[in-house]
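K.L.:
Numbering (the numbering used here), first residue to last: 21 to 293.
1) Starting from residue 286, trace the alpha helix (DSSP H) in both directions and tell me its first and last residue.
2) What residues are listed by DSSP as bridge partners for residue 59?
3) Answer with buried or exposed for residue 129, where buried requires no fewer than 16 other C-beta atoms within 10 angstroms of its C-beta.
4) Please work out which residues of its chain come closer than 7 Å, Cβ to Cβ, to residue 114, disregarding the five sequence neighbours upstream and downstream, and give them in chain order.
5) Can you tell which of 245, 239, 281 has the C-alpha that lies nearest to the C-alpha of residue 273?
6) Return yes when the Cβ of residue 45 is within less than 8 Å of the Cβ of residue 22, no when it is not.
7) Can you give me the C-alpha to C-alpha distance between residue 170 and residue 127, rounded to a whole angstrom?
8) Work out the CA separation of residue 291 and residue 192 for me, nearest whole Å.
9) Give every residue of the same chain whose Cβ lies closer than 8 Å to the Cβ of residue 41, excluding the five residues on either side of it in the sequence, and list them in chain order.
10) Going by DSSP, what residue range makes up the beta strand (DSSP E) through residue 226?
11) Taking 6 Å as the limit between beta carbons, can you name the residues of its chain near residue 221, skipping five residues before and five after?
12) Determine the closest residue to residue 38 out of 224, 64, 84, with distance taken between C-alpha atoms.
13) Are residue 32 and residue 260 closer than 8 Å when you measure CB to CB?
14) For residue 27 versus residue 61, is the C-beta distance shorter than 8 Å?
15) Note down, in chain order, each residue of its chain lying with its Cβ closer than 6 Å to the Cβ of residue 202, except the 5 sequence neighbours on either side.
16) When DSSP labels each residue in this structure, what does residue 171 get in the three-state scheme?
17) Could you have a look at residue 40 and say whether DSSP puts it in helix, strand or coil?
18) Leaving out five residues on either side along the sequence, give the residues of the same chain with a beta carbon under 6 Å from the beta carbon of residue 67.
19) Would you mind listing the beta strand (DSSP E) stretches within the stretch 93 to 146 that are 3+ residues and don't spill past its ends, in chain order?
20) Does DSSP put residue 164 in a helix, a strand or coil?
21) In chain order, what residues of the same chain have a beta carbon less than 7 Å from the beta carbon of residue 247, not counting five sequence neighbours either side?
22) Per DSSP, what kind of secondary structure is residue 51 in: helix, strand or coil?
23) Go ahead and label residue 265 buried or exposed: buried means 16 or more other beta carbons lie within 10 angstroms of its beta carbon, across all protein chains shown.
24) Residue 137 to residue 90, Cα distance in whole Å?
25) Would you say residue 209 and residue 180 are within 8 Å of each other, going by their C-beta atoms?
26) Among residues of its own chain, excluding the 5 on either side of residue 230, which ones have a beta-carbon nearer than 7 Å to its beta-carbon?
27) Which residues share a DSSP beta bridge with residue 259?
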């Protein structure tokens, strides 16, 4: 019997507009009413994955596993990005539009004008742009100094890449430091860096242990590169039809497409079996 459901958000659980809606929220409520636990498992920061209707009823695995929050949004587990690597990254790639993400806010060394130009103008996804302007921009700290960033509790470093630019130097940097940091991007146009052990698979396992559950009592869902660790770790793992090839290969089963509510429907089905 599945006692913990953990799901990625964008491209997996959420609707086509990258949002929770009443169908999804009611489905989660039904799982909770049956005695199961539910956790988000996302690359987003905690401020970008709230569910007002059931905020105090679910767990949150954020920033690709670097942060786990309980139902009261208290920290159960947090792993910071290595400070020495963070310092090197800032020095060597100060010109790149990195996001330095903490549980409370996101820092950037760029001005708001330059940041928006680099982040938004290269993206053709209108839904993403709307979500960025609504959910992310108000929690940004612009023109941050290196000292401010190093003093903050940075858990994750993000960057959206530009297909017209080369990132050979950055790739080489990541290869050199792969024993300390991990790049697990949710899509090919992203860089998503965490401490090497900050992975969704590890985080779901930590949460399951906290809840006193065995691995075979956990079901996980994901569609992207940052979901591979949990899809491969748990026997009850599922990828929607729209998932990347690697996610489909790691998952135990492939279900219908995310935009047809396939994930929440599948959770409801197996919760009754």
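Every residue gets a Cβ at the ideal spot worked out from N, C-alpha and C, and that includes glycine.
Remember, it's a predicted structure, so these values are computed and weren't measured experimentally.
P.N.:
Based on what the coordinates show:
1) The residue given as residue 286 occupies position 266 in the chain shown. First-last of the alpha helix (DSSP H) with residue 286: 282 to 291.
2) The count along the chain shown starts at 1 and reaches residue 59 at position 39. Note: residue 59 sits in a beta bridge opposite 26, 79.
3) Residue numbering aside, residue 129 sits at position 109 when the chain shown is read from its first letter. It is buried - the Cβ of residue 129 has at least 16 other Cβ atoms within 10 Å.
4) One-based indexing of the chain shown puts residue 114 at position 94. Excluding residues within five positions, the ones whose Cβ falls inside 7 Å are 129.
5) For this step, residue 273 is matched to residue 253 along the chain shown. It is 239 whose Cα lies nearest to the Cα of residue 273.
6) Along the chain shown, one-based indexing puts residue 22 at 2. Along the chain shown, one-based indexing puts residue 45 at 25. It is not a contact, given that the beta carbons lie outside the stated cut-off.
7) To locate residue 170, count along the chain shown from 1; it is residue 150. To locate residue 127, count along the chain shown from 1; it is residue 107. A direct Cα-Cα distance of roughly 10 Å separates residue 170 from residue 127.
8) Position 172 of the chain shown holds residue 192. Position 271 of the chain shown holds residue 291. Computed Cα separation, rounded: 45 Å.
9) One-based indexing of the chain shown puts residue 41 at position 21. Cβ neighbours of residue 41 within its own chain (closer than 8 Å, five residues either side excluded): 35.
10) Here residue 226 refers to the residue found at position 206 when the chain shown is read from its first residue. First-last for residue 226: 220 to 230, but that is the alpha helix (DSSP H), not the beta strand (DSSP E).
11) The sequence position of residue 221 within the chain shown is 201, counting from 1. Around residue 221: 249, 250, 253.
12) Counting from 1 along the chain shown, the entry for residue 38 is found at position 18. Ranking the options by Cα distance to residue 38, first place goes to 64.
13) Along the chain shown, one-based indexing puts residue 32 at 12. Along the chain shown, one-based indexing puts residue 260 at 240. Contact annotation: residue 32 and residue 260 have beta-carbon atoms nearer than 8 Å.
14) As a working note, residue 27 is residue 7 in the chain shown. As a working note, residue 61 is residue 41 in the chain shown. Result yes, Cβ atoms of residue 27 and residue 61 sit closer than 8 Å.
15) As a position in the chain shown, residue 202 is number 182, starting the count at 1. Hits under 6 Å: 214, 216.
16) As a working mapping, residue 171 is identified with position 151 in the chain shown. It is helical.
17) Indexing the chain shown from 1 puts residue 40 at position 20. Note: residue 40 maps to coil in three-state DSSP.
18) Within the chain shown, the letter at position 47 stands for residue 67. Around residue 67, the same chain offers 159 as residues with beta carbons nearer than 6 Å, after the five sequence neighbours per side are excluded.
19) 95 to 98, 119 to 121, all fully within the stretch 93 to 146.
20) For this step, residue 164 is matched to residue 144 along the chain shown. Three-state result, residue 164: coil.
21) Counting from one through the chain shown, the residue named residue 247 turns up at place 227. Setting aside the 5 residues that flank it on each side, residue 247 is surrounded in the same chain by 28, 220, 267, each with a C-beta closer than 7 Å to its C-beta; the list follows chain order.
22) To locate residue 51, count along the chain shown from 1; it is residue 31. Three-state result, residue 51: helix.
23) Sequence index remark: in the chain shown, residue 265 carries index 245 (1-based). By the 10 Å Cβ count, residue 265 comes out exposed.
24) As a first step, residue 137 must be located in the chain shown, where it is residue number 117. As a first step, residue 90 must be located in the chain shown, where it is residue number 70. The C-alpha of residue 90 is placed about 36 Å away from the C-alpha of residue 137.
25) Residue 209 sits at position 189 when you count from the first residue of the chain shown. Residue 180 sits at position 160 when you count from the first residue of the chain shown. Pairing residue 209 with residue 180 gives a Cβ-Cβ distance under 8 Å.
26) For the purposes of this step, residue 230 is taken as the residue at position 210 of the chain shown. Closer than 7 Å at Cβ, skipping near neighbours: 96.
27) Residue numbering aside, residue 259 sits at position 239 when the chain shown is read from its first letter. Its beta-bridge partners are 274.
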